[in-house]
Amino acid sequence: MHALEPFLEMLVAERGAAANTVDAYRRDLTDCAAFLRKQRAELPTATADQLHAYLAALHNGGLSPRSQARRLSALRQYYRFLFGEGLRTDDPTSTVDSPRRSRPLPKVLTETEIEALLAVARDYHDPRGARLHALVEMLYATGMRVSELIALPLAAMARDPEVIIVKGKGGKERMVPLSEPARDAVRAYLAHRPSLLPAKTTSPWLFPARGGRPITRHRFAQLLKDLAAKAGISPSKVSPHVVRHAFATHLLNNGADLRSVQQMLGHADISTTQIYTHVLNERMRRLVEQHHPLAAADLSS
Numbered sequence: 114m115h116a117l118e119p120f121l122e123m124l125v126a127e128r129g130a131a132a133n134t135v136d137a138y139r140r141d142l143t144d145c146a147a148f149l150r151k152q153r154a155e156l157p158t159a160t161a162d163q164l165h166a167y168l169a170a171l172h173n174g175g176l177s178p179r180s181q182a183r184r185l186s187a188l189r190q191y192y193r194f195l196f197g198e199g200l201r202t203d204d205p206t207s208t209v210d211s212p213r214r215s216r217p218l219p220k221v222l223t224e225t226e227i228e229a230l231l232a233v234a235r236d237y238h239d240p241r242g243a244r245l246h247a248l249v250e251m252l253y254a255t256g257m258r259v260s261e262l263i264a265l266p267l268a269a270m271a272r273d274p275e276v277i278i279v280k281g282k283g284g285k286e287r288m289v290p291l292s293e294p295a296r297d298a299v300r301a302y303l304a305h306r307p308s309l310l311p312a313k314t315t316s317p318w319l320f321p322a323r324g325g326r327p328i329t330r331h332r333f334a335q336l337l338k339d340l341a342a343k344a345g346i347s348p349s350k351v352s353p354h355v356v357r358h359a360f361a362t363h364l365l366n367n368g369a370d371l372r373s374v375q376q377m378l379g380h381a382d383i384s385t386t387q388i389y390t391h392v393l394n395e396r397m398r399r400l401v402e403q404h405h406p407l408a409a410a411d412l413s414s
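In terms of this note's numbering, the sequence shown opens at residue 114 and continues consecutively.
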């Protein structure tokens, strides 16, 4: 096929593409060329309409949106190469939209499961147990990312604040209210904190490990899974990110609005927070069923 080999050679020479990557591009472009030949068209001279037809055939054939997007990416780069080399005067993929990829619903723990986790954590009274209890209470109370939680400075809890300042992605700061249980857990932990550090060692971090550096996210995730097992919850269901999702979902279930949850999670764009709209939809359905004058009717149809 005209210009296919030069394009693949460019991937290796200019972009350092691995052999497997080049093979994947070759397969994707060859597949499109085979489709086009059945339509009496050729890959190098294909029109936007013909490429639309190809992508529609992929969709109708049941190819996943992820795989469709990969095929389209190969085509975009191929036609940009042709355009850059003067072999075409246009890019037929410029008007082709990427396939929409559905976002999976986040894994969530129920309020009962979260309470079971916290109940087990409250039974720990040694220094490391007190630290774990404080970490879990803080995570569920604020919905922080685990990277934000373990990076909290000791100064963040000065004077037992009711609102904590969290430094998120891009150095952006946001204020998140702290629940009384979280503040109580941190107060109890701070009494144990000095014994977590070697003698004459100080640490600026709120949750230090033995050497003074912050506890790692990997270690915290391990401890959380151990806690889940003791609470009778499958460890595979539990991670710091799942607890963050639980924070958001439980807020929405209990009447919080999406914009407030966005601000507390530190999402720059409301579209990121909209993965939780299934919660709002269910809540609105319940409201209609409970309060609409026609609630006795079958509203599920």
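Here a beta-carbon is modelled for each residue, glycine too, at the ideal position from N, C-alpha and C.
With fewer than 16 other Cβ atoms inside 10 Å of its own Cβ, residue 225 counts as exposed. Rounded to the nearest angstrom, the gap between the Cα atoms of residue 330 and residue 350 is 17 Å. Between residue 363 and the set 268, 259 and 255, the nearest pair of CA atoms involves 255. For residue 286, the uninterrupted beta strand (DSSP E) segment begins and ends at 286–290. A distance below 6 Å between beta-carbons, with the five flanking residues on each side excluded, links residue 360 to the following residues of its chain, in chain order: 253 and 256. The beta carbons of residue 319 and residue 270 sit closer together than 8 Å.
Around residue 154, the same chain offers 160 and 163 as residues with beta carbons nearer than 8 Å, after the five sequence neighbours per side are excluded. Residue state for residue 276 is assigned as strand, using DSSP reduced to three classes.
For residue 313, no alpha helix (DSSP H) encloses it, and the DSSP letter there is neither H nor E. Taking all protein chains in view, the Cβ of residue 377 is crowded by 16 or more other Cβ atoms within 10 Å, so the residue is classified as buried. Apart from the 5 residues on each side of it in sequence, residue 301 sits with its Cβ closer than 7 Å to the Cβ of 243 in its chain, given in chain order.
Between the C-alpha atoms of residue 170 and residue 188 there is a straight-line separation of about 15 Å.
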